[in-house]
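Chemist:
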Amino acid sequence: MMQKMGWQGGALGKDGVGIVEPIAPNIAYATKTLGFGQEKKKKNPPPIKRNQKPKRARQMQMREKRPNFNLNVLLHIFAFVRNNAETVVVFDKTLLNAERKAIHQWVNDVINDEGDGYDEISPEELEVVKLIREHNNYVLHTQSEGKMPFRELTIFKEAPTHVYLITPNDLRDEINTDDSDKSEYETVAIDGDSAPSGGDEKEKGSDAKREDANCIKGSIEDKEVAPYDKLIEYFIEFSKEQDYTEFRFLGLYNANEMDALNEFWKNIFMYLNRDMTSIDTRYLPALTNEEISFTVNQDCNGYDVIYKHVKDSRQ
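Dropping the structure here:
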């Protein structure tokens, strides 16, 4: 049409300085959509901040680097809850930050809460979790201490509110809190494919927490008393307190403490056999109380537990 009007080429515009060629539209017509709409460009997702990395992404990275990590952790925890000689399990300091977080999550969100808070649980892992719940008689707690690269993760047992728990430190006048003595425990490294064995006796912070549940023992521990005498006083307190229904022992005892335990159990079994003539008379306030009775049974892990029963007042 411009040629019919006499235009011979060249720039357009009032001053002859306009464009020479028409502008080509920057349009790419969609070939996989209905109609003639423009093809939409996909926006790249914003980068994930370090502190906002999805939980699932952390778990997948861990599985790629150490595919058996979760299963091995659960096997260690399973062996830990079954062994009454162990009060604390200490994990190797070389654990990655994501691995420590995973252990915290296994204990707090899955084992204790009996939920499914952990994503991507494999059938093998689920079976071990079920075994842990079946054999665990305590409340498990996790604790991280120290600064990188020496940050250390521990899992320790704490008594439920209905359990009167006796540990070796409860029978000792001087509690050893020196962490430099490494002969009493071994650090767990999650590298092998087999379940752990051996004792782990590092009492790292667990006694202070158990004192809240068994605070009544404080007055007994303030004075120097032989282990056997302490056991009798603890048992008397257990018999008086209505909240406690189980009397349990946890930890690794020395020879002197084992002698005290053997003497204690000898008196308890004399009571069960109705042989009251030879019983230490200091037990009598508890054993002759007509409102309560005691039985001894093995728990799911084969350890003897004293159970207290309140008699029905209507009988």
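Sequential numbering of the sequence shown, starting at 1, is according to this note's numbering. Glycine is no exception: its CB is placed at the ideal position from the N, C-alpha and C atoms.
Nearest to V305 by CA position, among E158, F78 and I268, is which residue?
Modeler: What you label residue 305 is simply residue 305 of the sequence shown in a count that begins at 1. Among E158, F78 and I268, the Cα nearest to that of V305 is on I268.
Chemist: Rounded C-beta distance between Y303 and F264? I'm assuming under 8 Å.
Modeler: For the purposes of this step, residue 303 is identified with residue 303 of the sequence shown, where counting begins at 1. For the purposes of this step, residue 264 is identified with residue 264 of the sequence shown, where counting begins at 1. Not really, about 15 Å apart at Cβ, beyond 8 Å.
Chemist: Across the region 242 to 255 and the region 78 to 86, are there enough close Cβ pairs to call them in contact, namely three or more that are closer than 8 Å?
Modeler: yes
Chemist: May I ask you to verify whether the region 291 to 301 touches the region 128 to 138, counting CB pairs closer than 8 Å and requiring at least 3?
Modeler: Cβ pair count under 8 Å is three or more, so yes.
Chemist: Which residues does DSSP pair with F78 in a beta bridge?
Modeler: As a first step, residue 78 must be located in the sequence shown, where it is residue number 78. Note: F78 sits in no beta bridge, so no partner.
Chemist: With DSSP as the reference, label R248 as helix, strand or coil.
Modeler: For the purposes of this step, residue 248 is taken as the residue at position 248 of the sequence shown. Three-state DSSP puts R248 in a strand.
Chemist: Which same chain residues end up closer than 6 Å to D280 when comparing Cβ atoms and leaving out the 5 residues on each side of it in sequence?
Modeler: Your numbering for residue 280 matches position 280 in the sequence shown. The answer, listed in chain order, is N267.
Chemist: Rounding to the nearest angstrom, what Cα-Cα distance links E124 and K157 in this structure?
Modeler: For the purposes of this step, residue 124 is identified with residue 124 of the sequence shown, where counting begins at 1. For the purposes of this step, residue 157 is identified with residue 157 of the sequence shown, where counting begins at 1. Roughly 24 Å separates the two Cα atoms.
Chemist: Pull up the CB-CB distance for L272 and P168, whole angstroms please, since I reckon it's below 8 Å.
Modeler: If you number the sequence shown from 1, residue 272 lands on position 272. If you number the sequence shown from 1, residue 168 lands on position 168. Not a contact, Cβ separation roughly 25 Å.
Chemist: The beta strand (DSSP E) with Q298 in it runs from where to where?
Modeler: The residue you call residue 298 lines up with position 298 of the sequence shown. It spans I292 to Q298 - the beta strand (DSSP E) in which Q298 sits, taken as one unbroken run.
Chemist: Based on Cα-Cα distance, which residue from I155, L171 and N108 lies nearest to A255?
Modeler: Taking the sequence shown and counting its residues from 1, one reaches residue 255 at position 255. The shortest C-alpha separation from A255 is found at L171.
Chemist: Closest to L95 by C-alpha separation, out of K240, K230, T154 and P285, would be which residue?
Modeler: Translated into the one-based positions of the sequence shown, residue 95 becomes position 95. From the listed residues K240, K230, T154 and P285, the smallest Cα separation to L95 is found for T154.
Chemist: Could you check what DSSP says for T277 in three-state terms: helix, strand or coil?
Modeler: Here the question's residue 277 lines up with position 277 in the sequence shown. Correct three-state label for T277: coil.
Chemist: Quick one: does the C-beta of H135 sit closer than 6 Å to a heavy atom of the ligand ZN?
Modeler: The ligand ZN is not part of the structure shown, which contains no ligands of any sort.
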